[in-house]
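First up is the structure itself, then whatever we jot down about it.
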Amino acid sequence: GAVVSQHPSRVICKSGTSVKIECRSLDFQATTMFWYRQFPKKSLMLMATSNEGSKATYEQGVEKDKFLINHASLTLSTLTVTSAHPEDSSFYICSARERGLLRFYEQFFGPGTRLTVL
Amino acid sequence: QQQVKQSPQSLIVQKGGISIINCAYENTAFDYFPWYQQFPGKGPALLIAIRPDVSEKKEGRFTISFNKSAKQFSLHIMDSQPGDSATYFCAGLIIQGAQKLVFGQGTRLTINP
Chain A
89 GAVVSQHPSR VICKSGTSVK IECRSLDFQA TTMFWYRQFP KKSLMLMATS NEGSKATYEQ
149 GVEKDKFLIN HASLTLSTLT VTSAHPEDSS FYICSARERG LLRFYEQFFG PGTRLTVL
Chain B
38 QQQVKQSPQS LIVQKGGISI INCAYENTAF DYFPWYQQFP GKGPALLIAI RPDVSEKKEG
98 RFTISFNKSA KQFSLHIMDS QPGDSATYFC AGLIIQGAQK LVFGQGTRLT INP
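Chains as they are written, first to last, in our numbering: chain A, 89 to 206; chain B, 38 to 150.
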């Protein structure tokens, strides 16, 4: 149980285009989803926290208008990188917290999405 | 105060040996300390976790040792295997409130056959 999927796993796009990444909790309802960014050989950097039906909370230094997050349901959150540029190339990972679980603070991570902007 | 400092940055261990990764935290409000294992190109997976009310937790070959007074905790991997070669992250979290994980810098572990 507690499986989180991401789609796509890899995406290559041209500079200036927008890219949408989906994060789904497959077998549980997620009260909260988190979006992280990871550079090569580096740790995970939290970008934003999203709760179903409410606006995402962004970490300091993360551009809200560039990284649009929508948590439309208890099983789906999307991250849209708008007007992508090469510096947005990175590994994006989501995680989800299960609703109603005894250990509600545990986060289950998706497999990540590799974004390459040409 | 939010930092979790992890060492070493990289570690090479012979097969069958013990791998030890250390973490130190500053925020005494942290009350949940998980360890994650990440393989290249994959998301992190929860390996083992501990609450500060216990000094040790063991699951199979993996053990967390926790020293609350020193604000330090460590991961021990016994009988290390080549399949354990991965990057390991420690983290701290405050269960109440925003519940954001604060990650250490990561340790790249290589187990030589």
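Using N, Cα and C, we set each Cβ at its ideal position, and we do this for glycine too.
All values derive from a computational prediction rather than experimental measurement.
With distances taken between CB atoms, is the gap from residue i to residue j smaller than 8 Å?
i: A/Ser165; j: A/Met135; result: no
i: B/Glu46; j: B/Thr144; result: Looking at the sequence provided, one finds Gln at residue 46 of chain B rather than Glu. Cβ distance < 8 Å, so B/Gln46 and B/Thr144 count as in contact.
i: B/Ile148; j: B/Ser122; result: yes
i: A/Val99; j: A/Cys111; result: no
i: A/Tyr180; j: A/Leu162; result: no
i: A/Ser178; j: A/Leu206; result: no
i: B/Met115; j: B/Ile55; result: yes
i: A/Lys199; j: A/Ser131; result: This sequence places Pro at residue 199 of chain A; Lys is not what is there. Contact: no.
i: B/Gln75; j: B/Thr124; result: yes
i: B/Phe110; j: B/Ile85; result: no
Just confirm the distance between the C-beta atoms of residue i and residue j, as a whole number of angstroms; I'd bet it's less than 8 Å.
i: B/Leu83; j: A/Glu194; result: 7 Å
i: B/Cys127; j: B/Phe70; result: 7 Å
i: A/Phe155; j: A/Val169; result: 6 Å
i: B/Pro81; j: A/Phe127; result: Contact doesn't hold; Cβ gap of about 15 Å is too wide.
Counting along the chain, where does the beta strand (DSSP E) carrying residue i start and finish?
i: A/Gly149; result: Counting along the chain, A/Gly149 falls outside any beta strand (DSSP E), and DSSP gives it neither H nor E.
i: B/Gly129; result: Ala123 to Gly129
i: B/Ala86; result: Ala82 to Ile87
i: B/Pro71; result: Phe70 to Gln75
i: A/Ser165; result: Leu164 to Val169
i: B/Ile114; result: Gln109 to Ile114
i: A/Tyr124; result: Ala118 to Gln126
i: B/Lys95; result: Glu93 to Glu96
Got a sec? Which residues, its chain only, sit under 7 Å from residue i by beta carbon, not counting five neighbours each side?
i: B/Gly120; result: none
i: B/Lys105; result: Pro89
i: A/Asn139; result: Thr119, Thr120 and His159
i: A/His95; result: Glu110
i: A/Thr145; result: Ala136 and Thr137
i: B/Ile131; result: Ala66, Phe67 and Asp68
By Cβ distance below 6 Å, which residues in the same chain neighbour residue i in space, the five residues on each side in sequence not counted?
i: B/Gln142; result: Gln43
i: B/Tyr62; result: Val41, Lys108 and Gly129
i: A/Ser113; result: Val92, Thr163 and Ala184
Residues in the same chain with beta-carbon distance under 8 Å from residue i, minus the five sequence neighbours each way, listed in chain order, please.
i: A/Lys150; result: Position check: residue 150 of chain A holds Val in this sequence, whereas Lys was assumed. Closer than 8 Å at the Cβ level, and outside the excluded window around A/Val150, lie Met135 and Ala136.
Does any residue of chain D have a CB that is nearer than 8 Å to the CB of residue i?
i: A/Gly141; result: Here chain D cannot be found, since the structure's protein chains are A and B.
When every heavy atom of the ligand SAM is checked, does at least one fall within less than 7 Å of the C-beta of residue i?
i: A/Thr166; result: Ligands are entirely absent from the displayed structure, and the ligand SAM is therefore not among its contents.
Worksheet item: Relative to chain A, which residues along the stretch 125 to 144 of chain B have a C-beta separation below 8 Å, given in chain order?
Response: Of all residues in the stretch 125 to 144 of chain B, Phe126, Leu130, Ile132, Ala135, Gln136, Lys137, Leu138, Phe140, Gly141, Gln142 and Gly143 have a Cβ within less than 8 Å of some Cβ in chain A.
Discussion item. What are the residues in the stretch 81 to 101 of chain B lying within 9 Å of chain A by C-beta distance?
Written reply: Here the close residues are Pro81, Ala82, Leu83 and Ala86.
Worksheet item: Of all the residues that make up the stretch 48 to 68 of chain B, which are near chain A by a beta-carbon distance shorter than 7 Å?
Response: Residues: none.
Item to complete: Quick one: which residues of the stretch 169 to 195 of chain A get their C-beta closer than 9 Å to a C-beta of chain B? List them in chain order.
Response: Result list: Phe179, Ile181, Cys182, Ser183, Arg185, Arg191, Phe192, Tyr193, Glu194 and Gln195.
Discussion item. Which residues of the stretch 114 to 142 of chain A have a Cβ closer than 8 Å to any Cβ of chain B? Give them in chain order.
Written reply: Per Cβ criterion, the list reads Thr120, Phe122, Lys129, Lys130, Ser131, Leu132, Leu134 and Thr137.
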